[in-house]
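Q: Note that the protein sequences, when read in sequence, are chains A and B.
Residue 8 is where the first sequence starts when you use the numbering used here, and the numbers rise one by one after that.
Residue 430 is where the second sequence starts when you use the numbering used here, and the numbers rise one by one after that.
Note that CB positions come from ideal geometry on N, CA and C, so glycine has one too.
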Amino acid sequence: MAVNDALAGTHKIIEEAKEQQGGQLVPTLNDFSQELTTLNLGPTHPATHGIFQNILQMDGERIISGVPTIGYIHRAFEKIAERRPFYQITPLTDRMNYCSSPINNMGWHMTVEKLLGVTVPKRAQYIRVIMMELARIADHLICNSILGVDTGAFTGFLYVFQEREKIYEIYEEVCGSRLTTNMGRVGGMERDLSPAAIDKLRKWLKEFPAVMKEFESMFNRNRIFMDRVVNVGPISAEKALNYGFTGPNLRAAGVDYDVRVMNPYSSYEDFEFDIPVGTNGDTYDRFLVRNEEIWQSLRIINQALDKLPDGPFHADAPHYYLPPKQAVYKNMEALIYHFKIIMGEIDAPVGEVYHSVEGGNGELGFYLISDGGRTPYRLHFRRPCFIYYQAYSDMVVGTSLSDAIVILSSMNVIAGELDA
Amino acid sequence: MADPTKEESPAAQEAAAQDPAAQQNARVLALLHSLFGEATFTDVEEPYGLLTVTTKREHIHNIVAGLQQDETLKFRFLTTMCGIHYPENLNQELGMIYHLHSLVHNIRLRIKIFFPIADPVVPTLTDLYATANWMEREAYDFFGIIFTGHPNLRRILNVEDMDYHPMRKQYPVEDGTREDKTDLFFGR
């Protein structure tokens, strides 16, 4: 009864308005076309998975323009690094792309080794490759499963997060920590791969492919998922290159640029793997490229583990590599080196070096200028997120809000790397 | 340990001439000289195998544009750019450092420009590379370098009402007036 009354009331309002407008039904589309809505997407929005703001101008459901504001978690890493000895900069790199910290750590160590001219033994290089590829898998798993969550599929996320947890357990076995790993040292690893770590790794390598297959079968040809991601946020190869895209996002656009192949570091040239590329750089392509990269990373880990050479796990560089703690108590030289390294009394050579690694999101570069002191004179991080996120406001124009969320998620923008 | 300051013996120099990286750098340098003239580049180095040239700020836009259009080496990827501050270099205090990459031939090139801190004005590269936009905003934010022609030169990582440029060397990381942190033996 009450409903009927309310409806009658509404009808009355419409009829009255119709009369006022000379018989025309009240608002036409034209009347609203000038009316834009301003929408704050972020800084704390659950779907942005990080702290960044986009001020969107919306025409109904369509996005007219987006203005990104970043810097909410800027921690002045480049400035802080100018006051820290090299080994204290590693924890800063952890906190850039915190989904794949080991890659950042190793990239930094390799930069310093390049400056110092230290050659790392093969075993350490292979262990690094294993850890870096594990990190890449963890990074891509998060990105792709969160993309699933954003399209409404929560299950896949839970499946693969179990596996990410196992990767973190392997990290724990290797370096003692899980998220911000601070793994390895300048000159190699801080300790050898323990039998427990190798056991965990082998067990995980056996179990993970089945989970990954399940994840792929849930998404890759899923009608609902494909409707949400195919042809959403495409970017052409030319545009992507002009915007400085690297990593999976560039490869999804069809450019096969991968630092691991172009400028091999840490013995990547010893392994056989393929670089997956997409065709039109849309969200679906980015998703598929990341999935395929997980399989390629598994290939690399398997090869590295099978071919893992014997030998030392760190370089013979007493000026830069901390001696074992037992030796510090018994051995004069070890005590001296320990003291000098910890107090930062060892000067680096003068020089400037650029080194880049293939991070989870693309070319992660370290540009280090040393004036011969114990700290860098200037350290610049080329953060792939920072560079490609500027294309976002271009990519969302004309799409709907739900597409904008999916595009953001598929680009894998990590706030820590974005803001440094 | 490699010491970059050490004088190389003639044998080492000969070995360097055979080195493919050195040959590649010689090729790039020859191209740069032929395109823009030898006088454009004041300083040429190869630290750790990466060709580094120094030029003047009035040439930088020309050089990057010329390299982008050049068909022989195809430097069409701007890897990164960053500012730098050398307070003791009189009238050359501030600098910009550009890293270019030829993805086809896999050659990297570093270009540096220096200019006085009293007149920190540099032409923008945003008309050539869309990616230069935020990199230049970052350099403005950190060092106060003004890019003429930039469409939106605002601070990017720091708050907008900050009244100094924090990466300049006169701003120490820690408060210089604190005395509880000085150490008689190590000066920290």
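What residues in the stretch 505–534 of chain B have a beta carbon less than 7 Å from any beta carbon of chain A?
A: Correct list: Arg505, Phe506, Leu507, Thr508, Thr509, Cys511, Ile513, His528, Leu532.
Q: Taking Cβ-Cβ distances below 9 Å as the criterion, which residues of the stretch 262–281 of chain A are in contact with chain B?
A: Result list: Val262, Tyr264, Met269, Asn270.
Q: Quick check on the burial criterion: 16 or more other C-beta atoms within 10 angstroms. Buried or exposed for asparagine 61(A)?
A: It is buried - the Cβ of asparagine 61(A) has at least 16 other Cβ atoms within 10 Å.
Q: Do you know offhand how far methionine 564(B)'s Cα is from glutamate 487(B)'s?
A: Cα to Cα, the separation comes out at about 19 Å.
Q: What span of residues does the beta strand (DSSP E) with isoleucine 70(A) cover, start to end?
A: Run containing isoleucine 70(A): 69–76, per the beta strand (DSSP E) assignment.
Q: So which residues on chain B does valine 360(A) lean against when the C-beta distance must stay under 9 Å?
A: Chain B residues near valine 360(A): Pro476, Tyr477, Leu479.
Q: If the cut-off is 8 Å on Cβ atoms, which residues from the stretch 70–91 of chain A count as contacting chain B, listed in chain order?
A: Hits within the stretch, in order: Ile77, Gly78, His81, Ala83, Glu85, Lys86, Ile87, Glu89, Arg90.
Q: Answer yes or no: do leucine 141(A) and isoleucine 177(A) have a C-beta to C-beta separation smaller than 8 Å?
A: Yes. Within cutoff.
Q: Apart from the five residues on each side of it in sequence, which residues of its chain come closer than 7 Å, Cβ to Cβ, to lysine 435(B)?
A: Here lysine 435(B) scores only 45 on pLDDT, less than 50, and its place in the model should not be relied on; the value that follows carries that caveat. Within the same chain, lysine 435(B) has no close Cβ partners at all.
Q: For histidine 321(A), return the contacting residues in chain B, with the cut-off set at a CB-CB distance below 8 Å.
A: Residues of chain B passing the Cβ test: none, with the nearest at roughly 15 Å.
Q: For threonine 286(A), which residues in the same chain have their Cβ closer than 7 Å to its Cβ, ignoring the five residues on either side in sequence?
A: These residues qualify, in order along the chain: Gly261, Asp292.
Q: Scan the stretch 477–515 of chain B and note each continuous alpha helix (DSSP H) run of 4 residues or more that stays entirely inside, going in chain order.
A: Complete alpha helix (DSSP H) runs here, min 4: 486–498.
Q: To which residues does DSSP link tyrosine 361(A) through a beta bridge?
A: For tyrosine 361(A), which the question treats as bridged, DSSP gives the partners Tyr374(A).
Q: Kindly give me the distance between the Cβ atoms of threonine 553(B) and glycine 578(B), rounded to whole angstroms, as I take these residues to be in contact under 8 Å.
A: About 4 Å; that satisfies the 8 Å criterion.
Q: Looking at C-alpha atoms only, which residue of Leu502(B), Val457(B), Ala450(B) is the closest neighbour of glycine 478(B)?
A: Residue Ala450(B) is the option with its Cα nearest to glycine 478(B).
Q: Over the uninterrupted alpha helix (DSSP H) stretch that includes tyrosine 399(A), give me the two end residues.
A: Run containing tyrosine 399(A): 399–402, per the alpha helix (DSSP H) assignment.
Q: Return the first residue and the last residue of the beta strand (DSSP E) that asparagine 61(A) is part of.
A: Here the beta strand (DSSP E) through asparagine 61(A) covers 60–66.
Q: Starting from threonine 45(A), trace the beta strand (DSSP E) in both directions and tell me its first and last residue.
A: Threonine 45(A) -> beta strand (DSSP E) spans 44–48.
Q: Hey, quick one: how far does the beta strand (DSSP E) through valine 550(B) stretch, first residue to last?
A: Run containing valine 550(B): 550–552, per the beta strand (DSSP E) assignment.
Q: So with CB distances below 8 Å, who are the chain A contacts of tyrosine 569(B)?
A: Going along chain A, no residue has its Cβ under 8 Å from tyrosine 569(B), so there is no contact; the nearest lies around 13 Å.
Q: Listing by chain order, which chain B residues have their CB less than 8 Å from the CB of isoleucine 394(A)?
A: Going along chain B in sequence order, the residues near isoleucine 394(A) (Cβ under 8 Å) are Thr509, Thr560, Trp563, Met564.
Q: Applying the criterion that 16 or more other CB atoms from any shown protein chain within 10 Å of the CB defines a buried residue, is methionine 190(A) buried or exposed?
A: Result: buried.
Q: Measure the Cβ-Cβ separation of valine 360(A) and leucine 154(A) and say whether it is below 8 Å.
A: In this structure, leucine 154(A) does not lie closer than 8 Å to valine 360(A) by Cβ.
Q: In chain order, what residues of the same chain have a beta carbon less than 8 Å from the beta carbon of glycine 124(A), not counting five sequence neighbours either side?
A: Within the same chain, glycine 124(A) has close Cβ partners Pro356.
Q: Is there a C-beta anywhere in chain A that falls below 8 Å from the one on glutamate 436(B)?
A: With a pLDDT of only 48 at glutamate 436(B), under 50, the local geometry of the prediction cannot be trusted, and the value read off the model is given with reservation. No, glutamate 436(B) lies away from the interface with chain A (no Cβ there is under 8 Å from its Cβ).
Q: Determine the burial state of phenylalanine 161(A): buried for a count of at least 16 other Cβ atoms within 10 Å of its Cβ, exposed for fewer.
A: The residue is exposed, with fewer than 16 neighbouring Cβ atoms inside 10 Å.
Q: Below 8 Å on C-beta distance, what does glutamate 370(A) contact in chain B?
A: Those are Thr508, listed as they occur along chain B.
Q: The beta strand (DSSP E) spanning valine 473(B) covers which residue range?
A: Taken as a continuous stretch (DSSP letters only), the beta strand (DSSP E) holding valine 473(B) covers 470–474.
Q: With a CB to CB cut of under 6 Å and the five nearest residues on each side skipped, what residues in its chain are close to serine 152(A)?
A: Here the set comprises Gly163, Phe164, Val167.
Q: DSSP beta-bridge partners for arginine 389(A)?
A: DSSP output for arginine 389(A) lists Gly372(A) as bridge partner(s).
Q: I want to know whether the stretch 247–258 of chain A touches the stretch 339–349 of chain A - three or more CB-CB distances under 8 Å.
A: Too few Cβ pairs lie closer than 8 Å, so no.
Q: Report yes or no: is there a C-beta of chain B within less than 8 Å of the C-beta of aspartate 199(A)?
A: For aspartate 199(A), the answer is no, since every Cβ of chain B falls outside 8 Å of its Cβ.
Q: In chain order, which continuous runs of the alpha helix (DSSP H) of length 4 or greater are located wholly inside the stretch 76–138 of chain A?
A: Listed in chain order, they are 84–88, 93–101, 108–123.
Q: If you measure beta-carbon to beta-carbon, which residues of the stretch 394–411 of chain A are closer than 9 Å to chain B?
A: Cβ contacts with chain B: Ile394, Tyr395, Tyr396, Gln397, Ala398, Asp401.
Q: List the residues of chain A that asparagine 587(B) touches, going by C-beta distances under 8 Å, in chain order.
A: Simply Gly78, His81.
Q: Taking only beta-carbon atoms, is glycine 67(A) less than 8 Å away from chain B?
A: No, glycine 67(A) lies away from the interface with chain B (no Cβ there is under 8 Å from its Cβ).
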